[in-house]
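Novice:
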Amino acid sequence: MTATLNQTETVAGTQVMGMGAYRPDVIVDNEQICQWIDSSDEWIRQRTGIRTRHRAAADVSVVDMAEGAAREALEKAGLTGEDVGAVIVATVTHPYQTPSAAAAVAHRIGSTPAAAFDISAACAGYCYGIAQADSFVRSGLAKHVLVIGVEKLSDVIDNHERSISFLLGDGAGAAVVGPAETPGISPSLLGSNGEKWDSVSMNGSLIPLRDALARARETGDAGELLDPETTLWPTLRQDGPTVFRWAVWEMAKTAQKALDAAGITAEDLAAFVPHQANIRIIDEMVKQLKLPEHVLVGRDIADAGNTSAASIPLAAHRLLEENPELSGGLCLQIGFGAGLVYGAQVVRLP
Amino acid sequence: MADKNEILAGLAEIVNEETGLETEEVQLEKSFTEDLDIDSISMMTIVVNAEEKFDVKIPDEEVKNLSTVGDAVTFIADAKG
Chain A
1 MTATLNQTET VAGTQVMGMG AYRPDVIVDN EQICQWIDSS DEWIRQRTGI
51 RTRHRAAADV SVVDMAEGAA REALEKAGLT GEDVGAVIVA TVTHPYQTPS
101 AAAAVAHRIG STPAAAFDIS AACAGYCYGI AQADSFVRSG LAKHVLVIGV
151 EKLSDVIDNH ERSISFLLGD GAGAAVVGPA ETPGISPSLL GSNGEKWDSV
201 SMNGSLIPLR DALARARETG DAGELLDPET TLWPTLRQDG PTVFRWAVWE
251 MAKTAQKALD AAGITAEDLA AFVPHQANIR IIDEMVKQLK LPEHVLVGRD
301 IADAGNTSAA SIPLAAHRLL EENPELSGGL CLQIGFGAGL VYGAQVVRLP
Chain B
351 MADKNEILAG LAEIVNEETG LETEEVQLEK SFTEDLDIDS ISMMTIVVNA
401 EEKFDVKIPD EEVKNLSTVG DAVTFIADAK G
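Chains as they are written, first to last, in this note's numbering: chain A, 1 to 350; chain B, 351 to 431.
So, in structure tokens, the structure goes:
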């Protein structure tokens with residue numbers, strides 16, 4: 001007779017128990033940006049809503065920023081690293097293909113031997129992470145899961161190009177997901193559209209750089225590596241109008257579906273925190289979703305710039321700091337970006 | 351064939367709503383970027399609103415070819431058949 005297997009005991013409800021943020025010290029204003037591209041403070045503010053962006057110093061890593069945000073989230077949740085069963089880091093800028101940033105973060109915060117892995121879902125990464133954390137806790141795989149969205153985008157930009165680099169900042173935001181008596185995380189909507197794979201992407205892989213280095217070593221001529229016209233270190237580019245159109249009109253529909261899946265309407269929301277890509281995307285989404293006036297909208301982009309996977313937890317954390325009465329309120333969050341990929345859910349704010 | 355004057359008037363209303371430009375400013379020979387100072391992001395908002403108003407599809411790759419108001423009116427008229 002075949003033996004009967006044990007399976008994990010499931011948990012009915014999950015919630016976000018605490019959030020944390022790490023904002024690096026270096027502040028880059030629009031005047032500085034205009035040293036690199038032909039623009040003006042007024043133009044950048046009008047077209048993007050960005051006044052400043054935070055960027056990390058050379059000696060501050062993705063893991064450092066993630067650790068900072070994680071420690072605050074644990075403290076706010078009333079937990080320690082030992083309570084964490086899984087660490088999920090959403091990032092596209094950890095500069096090692098392996099090992100993961102998550103394993104290093106888990107070790108630093110005292111969570112070893114927690115499960116630890118990174119996910120690459122760009123600006124949707126945090127919402128993907130919350131979806132996985134929700135599944136981990138409800139399936140009984142882990143009791144508490146730490147989700148961190150972190151980026152050091154300043155490592156993968158070209159200050160002299162004008163499609164995306166001037167929008168981007170660095171930072172980290174974190175959330176602890178754990179069990180709850182009443183549901184605190186709605187069904188997540190996750191998706192992709194690889195047809196638009198190149199509408200936000202790196203302008204190349206690292207392979208040409210490897211080959212150019214090999215040639216330079218062989219010939220003793222480093223000319224190709226030093227030529228400013230040759231961009232061997234891959235940096236980000238985007239097709240702004242295409243992304244804008246997709247982000248506003250397709251993502252507004254996705255956000256509405258997330259509300260429907262949660263069984264609520266916009267009237268029930270206390271806050272709306274979309275990915276902080278561009279203030280015009282945020283404003284247009286608010287219009288499309290016909291959000292009532294009482295819904296507070298995350299507009300952290302003005303000071304933080306676009307921080308990809310970190311933008312939603314950073315903006316939510318700031319809303320909570322500035323409006324403590326939001327605690328316990330419902331927040332619609334939606335991330336969207338390179339892939340193209342998207343993720344959305346409603347969470348009860350801690 | 352759809353009436354081009356009606357399309358122009360409808361398009362002018364959309365442009366007015368997005369940019370605040372007077373509807374009389376929106377004339378066939380005007381360039382969206384050069385004359386009306388409409389950037390690529392506002393152009394996308396105008397395109398999506400035009401799709402809805404005139405019940406036509408204007409693909410992303412087509413938007414780049416619509417440099418004047420007249421180009422847009424002709425495209426919409428042809429798309430409506």
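Quick reminder that beta carbons are idealized off the backbone N, C-alpha and C, glycines included. Just so it is clear, the structure is predicted and the values come from calculations on it, not from any experiment.
Alpha carbon to alpha carbon, how far is arginine 51(A) from isoleucine 301(A)?
Specialist: Numbered from its first residue, the first sequence carries residue 51(A) at position 51. Numbered from its first residue, the first sequence carries residue 301(A) at position 301. When rounded, the distance between both Cα atoms is 8 Å.
Novice: Starting from cysteine 352(A), trace the beta strand (DSSP E) both ways and give me its first and last residue.
Specialist: Shown here, chain A extends from 1 to 350; a query on residue 352(A) therefore has no answer.
Novice: Since glycine 335(A) and tyrosine 126(A) should fall inside the 8 Å C-beta cutoff, what is the C-beta to C-beta distance between them, to a whole number of angstroms?
Specialist: Position 335 of the first sequence, counted from the start, is the residue given in the question as residue 335(A). Position 126 of the first sequence, counted from the start, is the residue given in the question as residue 126(A). Contact holds; Cβ gap of about 6 Å.
Novice: Within the chosen definition, does the region 166-179 of chain A reach the region 20-27 of chain A through at least 3 CB pairs nearer than 8 Å?
Specialist: In short, these stretches touch, since the Cβ pair count reaches three.
Novice: In chain order, what are the residue ranges of uninterrupted alpha helix (DSSP H) at least 4 long that sit wholly in the region 262-296 of chain A?
Specialist: With a minimum length of 4 residues, the continuous alpha helix (DSSP H) runs that stay inside the region 262-296 of chain A are 279-289.
Novice: Determine, using beta-carbon pairs with one atom in the region 209-220 of chain A and one in the region 180-194 of chain A, whether at least three such pairs fall under 8 Å.
Specialist: Judged by Cβ distances under 8 Å, the region 209-220 of chain A makes no contact with the region 180-194 of chain A, as fewer than three pairs qualify.
Novice: In terms of residues, what are the limits of the beta strand (DSSP E) holding isoleucine 334(A)?
Specialist: Residue 334(A) sits at position 334 when you count from the first residue of the first sequence. Start and end: 330-337.
Novice: Does the beta-carbon distance from valine 89(A) to alanine 101(A) come in below 7 Å?
Specialist: In the first sequence, residue 89(A) corresponds to position 89, counting from 1. In the first sequence, residue 101(A) corresponds to position 101, counting from 1. A contact, by the Cβ cut-off of 7 Å.
Novice: Could you check which residue in Phe404(B), Thr383(B), Asp428(B) and Asn366(B) has the C-alpha nearest to that of lysine 414(B)?
Specialist: As a first step, residue 414(B) is located in the second sequence; it is residue number 64 there, counting from the start. For the residues Phe404(B), Thr383(B), Asp428(B) and Asn366(B), the minimum Cα distance to lysine 414(B) belongs to Thr383(B).
Novice: Between the region 301-315 of chain A and the region 141-159 of chain A, do at least 3 Cβ pairs fall closer than 8 Å?
Specialist: The answer is yes - the region 141-159 of chain A touches the region 301-315 of chain A, with three or more Cβ pairs under 8 Å.
Novice: Give the DSSP bridge partners of methionine 202(A), in chain order.
Specialist: The residue you call residue 202(A) lines up with position 202 of the first sequence. Bridge partners of methionine 202(A): Leu236(A).
Novice: Shorter than 6 Å, the distance from the beta carbon of leucine 146(A) to the closest heavy atom of the ligand PLP, or not?
Specialist: Questions concerning the ligand PLP fall outside what the structure shown contains, since it holds no ligand whatsoever.
Novice: Mind checking who tyrosine 22(A) pairs with in its DSSP beta bridge?
Specialist: Counting from one through the first sequence, the residue named residue 22(A) turns up at place 22. Looking at the DSSP assignment, tyrosine 22(A) forms a beta bridge with Ala172(A).
Novice: Could you check whether alanine 122(A) and alanine 338(A) sit closer than 7 Å to each other, using their CB atoms as the reference points?
Specialist: To locate residue 338(A), count along the first sequence from 1; it is residue 338. To locate residue 122(A), count along the first sequence from 1; it is residue 122. Yes, these two residues count as a Cβ contact at 7 Å.
Novice: Quick check on glycine 223(A): buried or exposed, where buried means 16 or more other Cβ atoms within 10 Å of its Cβ?
Specialist: As a working mapping, residue 223(A) is identified with position 223 in the first sequence. So glycine 223(A) counts as exposed.
Novice: Which value, in whole angstroms, describes the spacing of the CA atoms of tryptophan 66(A) and valine 423(B)?
Specialist: Position 66 of the first sequence, counted from the start, is the residue given in the question as residue 66(A). Position 73 of the second sequence, counted from the start, is the residue given in the question as residue 423(B). Here residue 66(A) turns out to be alanine, not tryptophan, going by the sequence shown. Rounded to whole angstroms, alanine 66(A) to valine 423(B) spans 51 Å at the Cα level.
Novice: Going along chain A, which residues have a C-beta under 7 Å from valine 406(B)?
Specialist: Position 56 of the second sequence, counted from the first residue, corresponds to residue 406(B). Within 7 Å Cβ-Cβ: nothing; valine 406(B) doesn't reach chain A, min ~15 Å.
Novice: Sort out for me which residues DSSP pairs glutamate 151(A) with in a bridge.
Specialist: Within the first sequence, residue 151(A) is the residue found at index 151, counting from 1. DSSP, once it has assigned bridges, lists Gly171(A) as partnering glutamate 151(A).
Novice: When you compare each of Ala106(A), Asn30(A), Gln345(A) and Pro313(A) to tryptophan 43(A) by their alpha carbons, which one comes out closest?
Specialist: Along the first sequence, one-based indexing puts residue 43(A) at 43. If we check each option's Cα against that of tryptophan 43(A), Asn30(A) comes out closest.
Novice: DSSP has phenylalanine 117(A) in a bridge; who is on the other side?
Specialist: Locating residue 117(A) in the first sequence gives position 117, where the first residue counts as 1. According to DSSP, which records beta bridges pairwise, phenylalanine 117(A) is partnered with Ile88(A).
Novice: Verify whether the separation of the beta carbon atoms of serine 111(A) and valine 137(A) is less than 7 Å.
Specialist: Start at 1 with the first residue of the first sequence, and residue 111(A) comes out as number 111. Start at 1 with the first residue of the first sequence, and residue 137(A) comes out as number 137. No, they are not a contact pair.
Novice: Using a Cβ distance threshold of 8 Å, determine whether the region 359-374 of chain B contacts the region 198-212 of chain A, with at least three qualifying pairs required.
Specialist: No: the two stretches stay apart, fewer than three of their Cβ pairs being nearer than 8 Å.
Novice: Do the region 390-399 of chain B and the region 233-248 of chain A make contact, defined as three or more Cβ pairs closer than 8 Å?
Specialist: Counting Cβ pairs under 8 Å, three or more are found: they touch.
Novice: Contact between the region 273-288 of chain A and the region 202-216 of chain A is defined here as three or more beta-carbon pairs at a separation below 8 Å; is this criterion met?
Specialist: The answer is no - the region 202-216 of chain A does not touch the region 273-288 of chain A, with fewer than three Cβ pairs under 8 Å.
Novice: Which chain B residues sit within Cβ distance under 7 Å of tryptophan 356(A)?
Specialist: The structure shown does not extend to residue 356(A), since chain A is modelled only from 1 to 350, so the question has no answer here.
Novice: With a cut-off of 8 Å on the beta carbons, I'd call valine 346(A) and isoleucine 264(A) a contact; round off their distance for me.
Specialist: Along the first sequence, read from residue 1 onward, the residue named residue 346(A) stands at position 346. Along the first sequence, read from residue 1 onward, the residue named residue 264(A) stands at position 264. Confirmed, Cβ separation roughly 7 Å.
Novice: Report the option in Asp134(A), Ala104(A), His94(A) and Ala175(A) whose CA atom is closest to the CA atom of aspartate 155(A).
Specialist: Translated into positions along the first sequence, residue 155(A) becomes position 155. It is His94(A) whose Cα lies nearest to the Cα of aspartate 155(A).
Novice: Looking at the structure shown, is methionine 1(A) part of a helix, part of a strand, or coil, going by DSSP?
Specialist: Here the question's residue 1(A) lines up with position 1 in the first sequence. Looking at methionine 1(A) - three-state DSSP - the assignment turns out to be coil, as it is neither helix nor strand.
Novice: Could you check how far apart the C-beta atoms of glutamine 15(A) and glycine 184(A) are, in whole angstroms? I think they sit under 8 Å.
Specialist: In the first sequence, counting from the first residue as 1, residue 15(A) sits at position 15. In the first sequence, counting from the first residue as 1, residue 184(A) sits at position 184. The Cβ separation is near 3 Å, so the contact holds.
Novice: Quick check on arginine 280(A) - is its C-beta less than 7 Å from some C-beta in chain B?
Specialist: The sequence position of residue 280(A) within the first sequence is 280, counting from 1. Yes, its Cβ sits closer than 7 Å to a Cβ of chain B.
Novice: Hey, isoleucine 33(A) and phenylalanine 244(A): beta-carbon distance below 7 Å or not?
Specialist: Start at 1 with the first residue of the first sequence, and residue 33(A) comes out as number 33. Start at 1 with the first residue of the first sequence, and residue 244(A) comes out as number 244. Cβ atoms of isoleucine 33(A) and phenylalanine 244(A): not closer than 7 Å.
Novice: Please classify leucine 5(A) as buried or exposed, where buried requires at least 16 other C-beta atoms within 10 Å of its C-beta.
Specialist: On the first sequence, residue 5(A) is found 5 positions in, with the first residue counted as 1. Per the 10 Å Cβ criterion, exposed.
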